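Notes to accompany the following structure.
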Amino acid sequence: MHKLYIFIFKLVGWKYELSVEIPTKCVLCAAPHTSNWDYIIGMLFYKSIGGKPHVLMKKEWFFFPLGYLLKLVGALPVDRKKKTSVSDQMVALFRSRNHFQLAIAPEGTRGRNAQWKTGFYYIALNAGVPITLAYIDYSKKEIGIKKVFYPTGDVQCDIEEIKDYYKDVQAKHPERFAIK
């Protein structure tokens with residue numbers, strides 16, 4: 020299956036840059052996220068390098084037979100109407116597994132949002148795992164990971180540093196991507 024992902028990734032004309040080792044346990048901060056294509060290209064990339072990412076998706080997508088397929092590719096259903104903390108649930112998963120990589124789009128939406136959600140940060144901080152900074156640049160047709168970030172607990176400073184990493188990345192829909 021791994022070779023199939025490599026073949027498809029190359030067939031669609033994308034390249035990747037991977038200059039750091041990806042920790043076995045990490046939160047993958049995946050940005051920018053302005054299109055559903057980001058998920059498809061991101062999964063092709065991550066699967067082609069042998070990764071086994073998990074993503075959070077609203078539970079409404081988990082109907083038969085789609086739900087079965089989504090779970091096969093690592094999707095985890097989230098019920099946004101429940102009053103339970105998704106962050107706490109993810110921290111518990113990190114603590115219970117030897118290998119867990121969770122990809123989260125920090126914007127929380129495909130629309131413009133300069134006020135990134137901080138759940139990805141708190142999950143990493145409270146689970147004691149690093150944040151792997153993954154980007155997708157449509158102007159270069161390049162996706163990659165060049166930095167592993169360790170949260171310090173200074174949320175505002177850390178989020179600004181993470182955002183700065185993405186300042187030169189071109190989203191599929193640039194008007195929907197904001198870091199300031």
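So for the sequence shown, our numbering puts the first residue at 20; every next one is plus one. Quick reminder that beta carbons are idealized off the backbone N, C-alpha and C, glycines included. Note that this is a predicted model, so its numbers are computed, not measured.
Residue i to residue j span [Cα, whole Å]
i	j	result
residue 204	residue 66	Outside the shown range of the chain, which is 20 to 199, sits residue 204, and nothing can be said about it.
residue 111	residue 40	24 Å
residue 139	residue 95	15 Å
residue 149	residue 119	12 Å
residue 199	residue 124	16 Å
residue 56	residue 103	30 Å
residue 132	residue 145	24 Å
residue 52	residue 30	22 Å
residue 147	residue 182	21 Å
residue 83	residue 43	31 Å
residue 126	residue 23	30 Å
Coil, strand or helix - residue i by DSSP
i	result
residue 156	strand
residue 143	helix
residue 167	strand
residue 49	strand
residue 191	coil
residue 111	helix
residue 26	helix
residue 119	strand
residue 162	strand
Close-in-space but distant-in-sequence residues of the same chain around residue i (CB under 7 Å, 5 per side omitted)
i	result
residue 77	97, 99
residue 25	67
residue 174	137, 140
residue 170	140, 143, 144, 150, 177
residue 158	189
residue 28	63, 64, 67
residue 113	44, 119, 146, 148
Residues near residue i in its chain [Cβ-Cβ closer than 8 Å; skip 5 each side]
i	result
residue 86	80, 96
residue 21	66, 67, 69
Counted within 10 angstroms of its Cβ, other Cβ atoms place residue i as buried (16 or more) or exposed
i	result
residue 191	buried
residue 194	exposed
residue 61	buried
residue 129	buried
residue 196	buried
residue 88	exposed
Cβ-Cβ separation, residue j to residue i (assumed contact under 8 Å), whole Å
i	j	result
residue 155	residue 162	5 Å
Chain-order list of residues whose beta-carbon lies under 6 Å from that of residue i (same chain, five-residue window excluded)
i	result
residue 34	161
residue 73	93, 95, 121
residue 90	none
residue 45	120, 148, 149, 151
residue 234	Because the chain here runs from 20 to 199, residue 234 falls outside it and cannot be looked at.
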